[in-house]
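If you read the sequence shown in our numbering, its first letter stands for residue 27, the second for the next number, and so on.
For glycine and all other residues, C-beta sits at the position ideal for the given N, C-alpha and C.
Structure first, then comments.
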Amino acid sequence: MNKNVIVFYVKEWIDEEDFETFLKFAKYLGKDNRGSKFVIDVNKLSQSLRDKKLSSADVIDLMMGYEIEFVNGSLEDVKKLIASYTPTVVFERGLDGVYLRPNFYISDLIKDLREKHIVDYDREKKVFRITKPMYFFDVLETLKRRGVEVENRTGIEKELKLPIRISFKGSLRDYQKEALDAWRSNGFKGIIALPTGTGKTVIAVAAIAELSVRTLVVTYTKEQMFQWGEKIVEFTDIPKSFIGFFYGDEKRIAPVTIITYQSAYRYIDSLSHQFSFLIVDEVHHLPAEKFRFIAENTYAAMRMGLSATVVREDGKHVDLFPLMGGVVYAKTLQELADRGYIAPFKVITVRVSLTEEEKKKYKELMDRYRKLALGREFQQILADAKKGDASAMEALKIRSEIRMLIANAKQKIDAIKKIVEDELEKGSKILIFTQYIEHAKKIAESIGAQYVIGELDEGTRKRRLEQFKSGLVKVLVLTTVGDEGIDIPDANVGIIATGTGSRRQFIQRLGRILRPLPGKEARLYEVIVKNTFEEAESRKRREALKMLFEDLIAIGEAY
């Protein structure tokens, strides 16, 4: 008998349905005192596998479910025969990514994946390669759906479970539950867009507890990193030893690892396969060329992005959708105010003038700037300066002088002092926002306040924030480091000393003072110099607010 022909007896009675299944891959040769005799029919086997009438598991499970005696061949021979006729792709991890090694002609089957640059062909190595780790599980699942047997030899698992299942100890507001449901319904992927101070972090912590898988949390600042650690401990029963911080000199990998954008960018290649769930805070930063590298080179199939303002002025927010799974839930300040989840607020514009000496200096600088600009828009001047254009570089220098002159205008500093004095008498806790480090120092010195800037050492920054939170300090001056990632729940007054026309920045600053407390009314002051560029920036901020929250805002004049 040909040794390649596999003949076997089924030594017991065969169920009618199972008999029909045997006939899909074998010929029935009759019955004698040894049982029912069959021979594997390779034509039937290959056809049934190709038409998806059978899977390899169906054949093996059926044969293992009966007492079988082989006349020729063995169960291992059956498995090898099935493998040779089953469209199979082996996934292997190499130095430059994951390779696909098919045992059949696969080009037509993955034509769409190649057109989308999800998979490409390495002519030198003669293998297909997944272009970015973020596509790994999508490609694997796609091939399975298309009837291909997948053998994953990469060691990369979709769900790296935590050693223990953790529980969520908090309670979610109705909109937080809605957000979590929307994210869950989207296959555990997507971006949640909610205003500052509305508990986005708590939603993500609930997701960490629900999944209980190894999680990587990416934050924009070190302050955010530690706040995330505190929130996870506060709202779950996770042991503190399960939380690791990865930044600067401290690089501890733990079941839940919290990392800054900068460190994630540098080390994601070595970290990416160790986590199943990726959370990106302040996700609007992700489309930047440097930071999108983090999402693209992470294998995690489960992803959550968080932001108060997903929309970017440069339009790159559309790049977030393929990186994180699209926006699955969003609510505006007005919608949450209607539900009583943010404090009522006023935006108050305080207009001041330049002194005669400041006006003279401002006019001189503006005349010089216009001559150097030669009618060019700012973005063009910026681009020309990067190319080494001397007039453009000088124009940028003068522009910076103009902005500093306006920031340090005497009446502006005086107005900030008066607002602070009046609000302190009311018992307010005040945040003052500025764009510039030296300006922050000058304001803090003039009113006897603390400041927080990026160049402060970690210990000093943390101590000053804690003093403000505890009420020991009532006024805190912040540079743009305060626009994101600082958790100050009971501040009720904000003062914009200098800013931009950016909708995102304005809403983030407003959001810092909107956490609801009984009887609280938040007030955001913008102090602007009349007849300067600050009036145009103020108009941009107002236009954005009117568009989003027209029925909610009380706009006033003061001083």
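query = By DSSP, does K63 sit in helix, in strand, or in coil?
reply = Along the sequence shown, read from residue 1 onward, the residue named residue 63 stands at position 37. Strand.
key: Inter-residue Cα distance where the pair is I136 and E183   = As a first step, residue 136 is located in the sequence shown; it is residue number 110 there, counting from the start. As a first step, residue 183 is located in the sequence shown; it is residue number 157 there, counting from the start. Straight-line Cα distance between these residues: approximately 22 angstroms.
key: Terminal residues of the beta strand (DSSP E) in which S333 lies   = Taking the first residue of the sequence shown as position 1, residue 333 is located at position 307. Looking at the DSSP string, the run of the beta strand (DSSP E) that includes S333 is 328-333.
query = Can you tell me whether DSSP reads V174 as helix, strand or coil?
reply = Residue mapping note: residue 174 aligns to position 148 of the sequence shown, counting from 1. Note: V174 maps to coil in three-state DSSP.
inquiry  = For a quick check, are the C-beta atoms of L88 and T47 less than 7 angstroms apart?
reply    = Along the sequence shown, read from residue 1 onward, the residue named residue 88 stands at position 62. Along the sequence shown, read from residue 1 onward, the residue named residue 47 stands at position 21. For L88 and T47, yes; Cβs fall inside 7 angstroms.
request  = Ignore the nearest five residues each way along the sequence and tell me which others in E175's own chain have a CB closer than 7 angstroms to its CB.
outcome  = On the sequence shown, position 149 is the one that residue 175 refers to. Correct list, in chain order: S82, T112, P113, T114.
query = With burial defined as no fewer than 16 other Cβ atoms inside 10 Å of the residue's Cβ, what is the status of M27: buried or exposed?
reply = Locating residue 27 in the sequence shown gives position 1, counting from the first residue. With a pLDDT of 48 at M27, under the threshold of 50, the modelled position of that residue is not reliable, and no figure is offered here.
Complete beta strand (DSSP E) runs within the segment 394-471 (minimum length 3 residues, chain order) = 456-459
key: Span separating the alpha-carbon of V259 from that of S193   = Counting from 1 along the sequence shown, the entry for residue 259 is found at position 233. Counting from 1 along the sequence shown, the entry for residue 193 is found at position 167. Rounded to whole angstroms, V259 to S193 spans 11 angstroms at the Cα level.
key: Chain-order list of residues whose beta-carbon lies under 8 angstroms from that of F64 (same chain, five-residue window excluded)   = Residue 64 sits at position 38 when you count from the first residue of the sequence shown. Cβ neighbours of F64 beyond the five flanking positions: V33, F34, Y35, V36, F48, A52, K53, Y54, L55.
query = Going straight from the alpha carbon of E93 to that of D41, what length do you get?
reply = The residue labelled residue 93 in the question sits at position 67 within the sequence shown. The residue labelled residue 41 in the question sits at position 15 within the sequence shown. Computed Cα separation, rounded: 13 angstroms.
ask   = Considering N98, what are the terminal residues of the beta strand (DSSP E) in which it resides?
value = For the purposes of this step, residue 98 is taken as residue 72 along the sequence shown, with counting starting at 1. Residues 94-98.
ask   = In angstroms, rounded to a whole number, what distance separates the CA positions of L297 and L408?
value = Locating residue 297 in the sequence shown gives position 271, counting from the first residue. Locating residue 408 in the sequence shown gives position 382, counting from the first residue. About 37 angstroms.
query = Under 7 angstroms between the Cβ atoms of K566 and A369?
reply = Taking the first residue of the sequence shown as position 1, residue 566 is located at position 540. Taking the first residue of the sequence shown as position 1, residue 369 is located at position 343. Cβ distance not < 7 angstroms, so K566 and A369 don't count as in contact.
key: Buried/exposed call for N518, threshold 16 Cβ in 10 Å   = Along the sequence shown, one-based indexing puts residue 518 at 492. Result: buried.
task = Check whether the Cβ atoms of K57 and G173 sit closer than 7 angstroms, and answer yes or no.
result = Within the sequence shown, residue 57 is the residue found at index 31, counting from 1. Within the sequence shown, residue 173 is the residue found at index 147, counting from 1. Not in contact: K57 and G173 (Cβ atoms no closer than 7 angstroms).
Status (buried if at least 16 other CB within 10 Å, exposed otherwise) for Q405 = As a first step, residue 405 must be located in the sequence shown, where it is residue number 379. With fewer than 16 other Cβ atoms within 10 Å, it is exposed.
message = Measuring alpha carbon to alpha carbon, tell me which residue in A321, F559, F130, Q461 is nearest L504.
response = Translated into the one-based positions of the sequence shown, residue 504 becomes position 478. The option with the nearest alpha carbon to L504 is Q461.
ask   = Are V353 and L332 closer than 7 angstroms when you measure CB to CB?
value = Numbered from its first residue, the sequence shown carries residue 353 at position 327. Numbered from its first residue, the sequence shown carries residue 332 at position 306. For V353 and L332, no; Cβs fall outside 7 angstroms.
Reduced DSSP category for E308 - H, G, I as helix; E, B as strand; rest coil = Against the sequence shown, residue 308 aligns to sequence position 282. If DSSP states are grouped into helix, strand and coil, E308 belongs with coil.
query = Just how far apart, CA to CA, sit K158 and L431?
reply = As a first step, residue 158 must be located in the sequence shown, where it is residue number 132. As a first step, residue 431 must be located in the sequence shown, where it is residue number 405. Straight-line Cα distance between these residues: approximately 48 angstroms.
query = Mind checking whether F271 and I279 have CB atoms under 7 angstroms apart?
reply = Here residue 271 refers to the residue found at position 245 of the sequence shown. Here residue 279 refers to the residue found at position 253 of the sequence shown. Contact flag unset, no.
query = Taking only beta-carbon atoms, is D410 less than 7 angstroms away from chain D?
reply = Annotation note: the requested chain D is absent from the structure, which comprises a single protein chain.
query = Beta carbon of V501, beta carbon of V376: below 7 angstroms?
reply = Locating residue 501 in the sequence shown gives position 475, where the first residue counts as 1. Locating residue 376 in the sequence shown gives position 350, where the first residue counts as 1. In this structure, V376 does not lie closer than 7 angstroms to V501 by Cβ.
query = Less than 7 angstroms separating the beta-carbons of F301 and L242?
reply = Numbered from 1 along the sequence shown, position 275 holds the residue referred to as residue 301. Numbered from 1 along the sequence shown, position 216 holds the residue referred to as residue 242. A contact, by the Cβ cut-off of 7 angstroms.
query = Taking the beta strand (DSSP E) that F34 falls in, what are its first and last residues?
reply = By one-based count along the sequence shown, residue 34 stands at place 8. F34 -> beta strand (DSSP E) spans 33-36.
message = Considering only their Cβ atoms, is the gap separating G223 from G537 smaller than 7 angstroms?
response = On the sequence shown, position 511 is the one that residue 537 refers to. On the sequence shown, position 197 is the one that residue 223 refers to. Contact flag set, yes.
key: C-beta contact flag for L188 and P281 at 7 angstroms   = The residue given as residue 188 occupies position 162 in the sequence shown. The residue given as residue 281 occupies position 255 in the sequence shown. Cβ atoms of L188 and P281: closer than 7 angstroms.
ask   = With which residues is I285 paired in a DSSP beta bridge?
value = Mapped onto the sequence shown, residue 285 falls at position 259. Paired residues: V244, F272.
key: Neighbourhood of E561 by C-beta distance below 7 angstroms, restricted to the same chain and skipping five residues each side   = Against the sequence shown, residue 561 aligns to sequence position 535. Cβ neighbours of E561 beyond the five flanking positions: I554.
key: First and last residue of the uninterrupted beta strand (DSSP E) at E552   = The count along the sequence shown starts at 1 and reaches residue 552 at position 526. E552 -> beta strand (DSSP E) spans 548-555.
key: Cα-Cα separation, D415 to H465   = If you number the sequence shown from 1, residue 415 lands on position 389. If you number the sequence shown from 1, residue 465 lands on position 439. Roughly 29 angstroms separates the two Cα atoms.
ask   = What is the residue span of the alpha helix (DSSP H) that V85 lies within?
value = Your numbering for residue 85 matches position 59 in the sequence shown. Residues 82-90.
request  = To the nearest angstrom, report how far apart L101 and T168 are at their CA atoms.
outcome  = Mapped onto the sequence shown, residue 101 falls at position 75. Mapped onto the sequence shown, residue 168 falls at position 142. Near 30 angstroms, if we compare the C-alpha coordinates of T168 and L101.
task = Give the single residue among E236, H299, A433 whose Cα lies nearest to the Cα of N323.
result = Your numbering for residue 323 matches position 297 in the sequence shown. That would be H299, whose Cα lies nearest to the Cα of N323.
key: Which of helix, strand or coil DSSP assigns to L121   = As a working note, residue 121 is residue 95 in the sequence shown. L121: coil per DSSP, three-state reduction.
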